[in-house]
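**Q**
There are 2 protein chains.
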Amino acid sequence: MSRRFEATLDLLDLERIEVDIFRGRQPGGEAARPRVFGGQVAAQALMAASCTVEAGVVHSLHSYFLRAGDPTIPIVYEVDRIRDGRSFATRRVVAIQHGEAIFNLQASFHVDEDGYTHQDPMPDVPAPEDLPTTAELAAVHPDAAARFGFIDAWPVDMRFITDPPYLRSVGRAPEQLLWLRADGDVGDDPVAQRCMLTFISDMILLSTQTLPHVGDSSAELMMASLDHLVWFHRPHRIDEWTLYTMRSRTAQGARGFMTASMFSQSGALVASVAQEGLMRTVATRPDHHVGERELEGRTRG
Amino acid sequence: MSRRFEATLDLLDLERIEVDIFRGRQPGGEAARPRVFGGQVAAQALMAASCTVEAGVVHSLHSYFLRAGDPTIPIVYEVDRIRDGRSFATRRVVAIQHGEAIFNLQASFHVDEDGYTHQDPMPDVPAPEDLPTTAELAAVHPDAAARFGFIDAWPVDMRFITDPPYLRSVGRAPEQLLWLRADGDVGDDPVAQRCMLTFISDMILLSTQTLPHVGDSSAELMMASLDHLVWFHRPHRIDEWTLYTMRSRTAQGARGFMTASMFSQSGALVASVAQEGLMRTVATRPDHHVGERELEGRTRG
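Quick note, the sequences are listed as chains H and F, same order.
All the letters of the first sequence, read from the start, carry residue numbers 1 to 301 under the working numbering.
All the letters of the second sequence, read from the start, carry residue numbers 302 to 602 under the working numbering.
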């Protein structure tokens with residue numbers, strides 16, 4: 001278990017301030033980032049909501065990113081118990097910093113039931129063991145080593161099936177496939193597993209919208225996640241190999257829209273993900289200040 | 302313009318009770334239903350949110366259905382202005398009846414911008430004019446005439462490309478394609494167009510999850526929409542022909558998960574939709590009371 005993994009798992013250990021108010025810490029040390037990672041806020045908000053639900057496990061979450069998070073102070077999560085039913089419960093969570101909402105989540109919880117089953121088949125892909133690690137890719141592509149180092153700061157082992165977003169020419173189809181797993185033991189608690197899945201599901205996904213258009217999204221675009229949604233279909237350990245298939249369905253008006261699926265190595269569809277992303281061209285907006293803390297730029301006209 | 306269409310358009314004409322509190326009427330006469338149609342609540346909630354936003358048009362909404370709506374009294378919509386930014390605004394709306402939340406929506410609004418464009422291609426399908434109307438289908442299939450009459454009570458002209466959900470054998474792929482359009486003039490206001498699109502997007506979709514499993518979902522299953530999500534990609538008139546392509550990605554644990562796309566007749570991807578649905582087998586639960594007003598049944602064990 002790596003230190004970066006331990007630091008991430010610690011993020012899910014929220015401090016309970018009041019019955020429905022929680023405080024989440026920030027990662028320190030090597031895991032610190034210039035702004036708060038969206039997956040962290042979503043995972044902590046989901047944990048806060050889960051702490052207020054007695055029966056059932058989360059089966060879906062819908063969230064909006066409202067403002068860039070400040071990584072130098074904790075985040076407070078206020079939970080609203082909007083509904084407690086017999087087999088479903090629903091929660092709303094607002095993440096607050098500096099007196100302002102930075103993130104809003106709604107999530108639904110379901111007691112276990114039986115029912116009909118079907119699912120999309122898993123695509124036919126190489127096994128994760130037959131694919132290079134990001135460290136091996138960085139050694140072969142020294143130009144992109146810094147970008148792979150960025151990935152290596154995440155608590156995840158990733159094996160790219162399609163070319164990583166940093167090793168490509170313009171004009172690719174807006175699709176990505178990779179194997180991933182948390183690089184440590186998340187434990188047997190399904191809540192922790194689903195919070196960690198949520199954390200990881202916000203990685204790589206946003207770059208999918210850029211693949212047909214630019215060579216290096218980080219240099220040429222101002223990007224931000226606008227929303228993030230996860231539906232949890234089947235029990236899964238995110239610390240075991242998980243196939244993540246992502247596709248951008250459309251881009252227009254400075255926004256792209258991605259849908260994605262996660263499969264277990266045995267082929268079970270374990271989660272579906274959706275995300276809309278902001279994608280502003282920096283080159284054509286010389287008057288636009290792209291700050292680390294800035295979610296939004298100037299509007300047209 | 303039919304009376305059923307006029308009655309539906311009238312539903313979008315909310316009464317403003319206070320700055321951020323609105324009241325939505327129920328359809329009367331032939332449009333009355335035993336319980337409130339989910340698309341109506343979503344459309345009215347979106348209209349309430351839109352009435353509080355000065356710049357920008359809705360580009361996405363995420364919502365949960367919490368309790369079955371009572372069609373005999375109006376619905377009150379309370380709007381929370383959680384964020385007003387320079388180019389994005391976010392709203393939360395709670396729909397209330399009898400002192401309880403029946404529905405929760407969050408929506409995001411974006412001022413028009415330019416950006417890169419790509420999209421999924423439209424599938425190759427027959428033209429709507431070459432497909433039978435639901436009245437023509439009902440004449441050929443008298444056994445299912447009542448079900449087509451149900452569709453005819455909706456303010457929409459539908460032309461099924463795949464077999465309608467009432468004309469099929471068990472074991473179909475969980476996919477549906479149809480052309481649809483509002484059967485009256487919605488007008489030039491993009492807000493009204495997107496509210497009407499939201500209303501219509503909740504039709505037919507839920508039955509997609511049943512196609513591999515049962516012969517007539519209305520008789521054999523207790524179903525309900527759990528959530529409903531729409532991303533609006535491009536300007537579109539929902540009173541012009543719109544291709545609706547739906548697929549259930551998975552079903553398990555009494556829940557199915559659908560993703561769907563709407564294309565204009567010229568091939569533009571105008572909206573994406575997602576919905577999770579409850580799908581309980583009635584036959585195997587003889588002790589389960591399925592009431593018109595009941596969203597949830599008993600839990601297992």
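Even for Gly, the Cβ is constructed at its ideal location relative to N, Cα and C.
Going by DSSP, what residue range makes up the alpha helix (DSSP H) through F5(H)?
**A** To locate residue 5(H), count along the first sequence from 1; it is residue 5. Note, F5(H): alpha helix (DSSP H), 3-11.
**Q** Is it true that the region 470-482 of chain F meets the region 537-550 of chain F, where meeting means three or more beta-carbon pairs spaced less than 8 Å apart?
**A** yes
**Q** Would you mind sorting A493(F) into buried or exposed? The rule is 16 or more other CB atoms within 10 Å of its CB.
**A** The residue you call residue 493(F) lines up with position 192 of the second sequence. A493(F) should be labelled buried.
**Q** Just tell me which of P536(F), S567(F), L579(F), A569(F) has its CA closest to the CA of D413(F).
**A** Indexing the second sequence from 1 puts residue 413(F) at position 112. If we check each option's Cα against that of D413(F), P536(F) comes out closest.
**Q** Where does A139(H) fall in DSSP's three states?
**A** If you number the first sequence from 1, residue 139(H) lands on position 139. A139(H) falls in the helix class under three-state DSSP.
**Q** Given that Q106(H) touches chain F, what residues does it touch there, using C-beta distances under 8 Å?
**A** Counting from one through the first sequence, the residue named residue 106(H) turns up at place 106. Here the neighbours are H363, Y365, N405, Q407.
**Q** When you compare each of V53(H), G85(H), F5(H), F103(H) to L229(H) by their alpha carbons, which one comes out closest?
**A** Counting from one through the first sequence, the residue named residue 229(H) turns up at place 229. Among V53(H), G85(H), F5(H), F103(H), the Cα nearest to that of L229(H) is on F103(H).
**Q** Compare the C-alpha of V426(F) against each of S388(F), G568(F), Q576(F) and name the closest.
**A** Residue mapping note: residue 426(F) aligns to position 125 of the second sequence, counting from 1. If you compare the alpha carbons of S388(F), G568(F), Q576(F) with that of V426(F), the shortest gap goes to G568(F).
**Q** Classify H98(H) as buried or exposed, calling it buried when 16 or more other Cβ atoms lie within 10 Å of its own Cβ.
**A** Reading the first sequence from its first residue, position 98 is the one you call residue 98(H). Looking at its Cβ environment, which holds fewer than 16 other Cβ atoms inside 10 Å, H98(H) is exposed.
**Q** Can you tell me whether T499(F) is buried or exposed? The criterion is at least 16 other CB atoms within 10 Å of its CB, across all chains shown.
**A** Along the second sequence, one-based indexing puts residue 499(F) at 198. It counts as buried.
**Q** Closest to F461(F) by C-alpha separation, out of P335(F), S409(F), R304(F), L438(F), would be which residue?
**A** Against the second sequence, residue 461(F) aligns to sequence position 160. Minimum Cα distance to F461(F) is reached at L438(F).
**Q** Whose C-alpha, out of G256(H), R67(H), D143(H), is nearest the C-alpha of H419(F)?
**A** Mapped onto the second sequence, residue 419(F) falls at position 118. Of the candidates G256(H), R67(H), D143(H), the one whose C-alpha sits nearest the C-alpha of H419(F) is G256(H).
**Q** Spell out whether any CB of chain F is found under 7 Å from the CB atom of P212(H).
**A** On the first sequence, residue 212(H) is found 212 positions in, with the first residue counted as 1. Yes, contact with chain F.
**Q** How far does the beta strand (DSSP E) with F103(H) in it reach, from first residue to last?
**A** As a position in the first sequence, residue 103(H) is number 103, starting the count at 1. Looking at the DSSP string, the run of the beta strand (DSSP E) that includes F103(H) is 100-110.
**Q** Could you name the residues that DSSP lists as bridge partners for T543(F)?
**A** In the second sequence, residue 543(F) corresponds to position 242, counting from 1. Within the DSSP bridge table, the entry for T543(F) names L481(F), S565(F) as partners.
**Q** Does any residue of chain F have a CB that is nearer than 7 Å to the CB of E18(H)?
**A** Taking the first sequence and counting its residues from 1, the one referred to as residue 18(H) is at position 18. No, E18(H) does not count as interfacial toward chain F.
**Q** Between D13(H) and M196(H), what straight-line distance do the alpha-carbon atoms span, to the nearest angstrom?
**A** Looking up residue 13(H) in the first sequence gives position 13. Looking up residue 196(H) in the first sequence gives position 196. M196(H) has its alpha-carbon roughly 12 Å from the corresponding atom of D13(H).
**Q** Am I right that R305(F) and P456(F) are in contact with their C-beta atoms under 8 Å? What's the rounded C-beta distance?
**A** One-based indexing of the second sequence puts residue 305(F) at position 4. One-based indexing of the second sequence puts residue 456(F) at position 155. Yes, R305(F) and P456(F) are in contact; Cβ-Cβ is about 5 Å, under 8 Å.
**Q** Could you give the DSSP three-state label for R194(H): helix, strand or coil?
**A** As a position in the first sequence, residue 194(H) is number 194, starting the count at 1. If DSSP states are grouped into helix, strand and coil, R194(H) belongs with the helices.
**Q** Suppose the cutoff is 7 Å on Cβ atoms and the five residues either side in sequence are ignored; what does the same chain contact list for G38(H) look like?
**A** Sequence index remark: in the first sequence, residue 38(H) carries index 38 (1-based). Same-chain partners within the cutoff: F65, D202, S225, H228.
**Q** When Cβ atoms are compared, which residues of the region 123-135 of chain H fall closer than 7 Å to chain F?
**A** none
**Q** Since I believe A274(H) is in contact with M262(H) (beta carbons under 8 Å), could you give me their beta-carbon distance rounded to a whole number of angstroms?
**A** As a position in the first sequence, residue 262(H) is number 262, starting the count at 1. As a position in the first sequence, residue 274(H) is number 274, starting the count at 1. Their Cβ separation, rounded to whole angstroms, is 12 Å, which puts M262(H) and A274(H) out of contact at 8 Å.
**Q** Return the first residue and the last residue of the beta strand (DSSP E) that V93(H) is part of.
**A** As a position in the first sequence, residue 93(H) is number 93, starting the count at 1. Taken as a continuous stretch (DSSP letters only), the beta strand (DSSP E) holding V93(H) covers 88-97.
**Q** If we ignore side chains and look at the alpha-carbon of each, how far apart do Y417(F) and A254(H) end up?
**A** As a working mapping, residue 417(F) is identified with position 116 in the second sequence. As a working mapping, residue 254(H) is identified with position 254 in the first sequence. Rounded to whole angstroms, Y417(F) to A254(H) spans 7 Å at the Cα level.
**Q** Just tell me which of D143(H), W231(H), E240(H) has its CA closest to the CA of D188(H).
**A** The residue labelled residue 188(H) in the question sits at position 188 within the first sequence. That would be E240(H), whose Cα lies nearest to the Cα of D188(H).
**Q** Classify V186(H) as buried or exposed, calling it buried when 16 or more other Cβ atoms lie within 10 Å of its own Cβ.
**A** Position 186 of the first sequence, counting from 1, holds the residue named residue 186(H). Buried is the call here.
**Q** Please identify the residue among R382(F), M559(F), H363(F) whose C-alpha is closest to the C-alpha of A474(F).
**A** The residue given as residue 474(F) occupies position 173 in the second sequence. For A474(F), the nearest C-alpha among the options comes from M559(F).
**Q** Quick one: grab the DSSP three-state call for E379(F).
**A** Taking the first residue of the second sequence as position 1, residue 379(F) is located at position 78. Strand at E379(F).
**Q** When the Cα atoms are used, what is the spatial distance from L211(H) to A454(F)?
**A** For the purposes of this step, residue 211(H) is taken as residue 211 along the first sequence, with counting starting at 1. For the purposes of this step, residue 454(F) is taken as residue 153 along the second sequence, with counting starting at 1. Rounded to the nearest angstrom, the two C-alpha atoms are 45 Å apart.
**Q** Got a sec? Which residues, its chain only, sit under 6 Å from T162(H) by beta carbon, not counting five neighbours each side?
**A** Here residue 162(H) corresponds to residue number 162 of the first sequence, with the count starting at 1. Counting only Cβ-Cβ distances below 6 Å, and skipping sequence neighbours, we find Q176, L177.
**Q** Do we get a CB-CB distance below 7 Å when we pair W532(F) with the residues of chain H?
**A** Stepping through the second sequence from its first residue, residue 532(F) is reached at position 231. Answer yes: the Cβ-Cβ gap between W532(F) and chain H drops below 7 Å somewhere.
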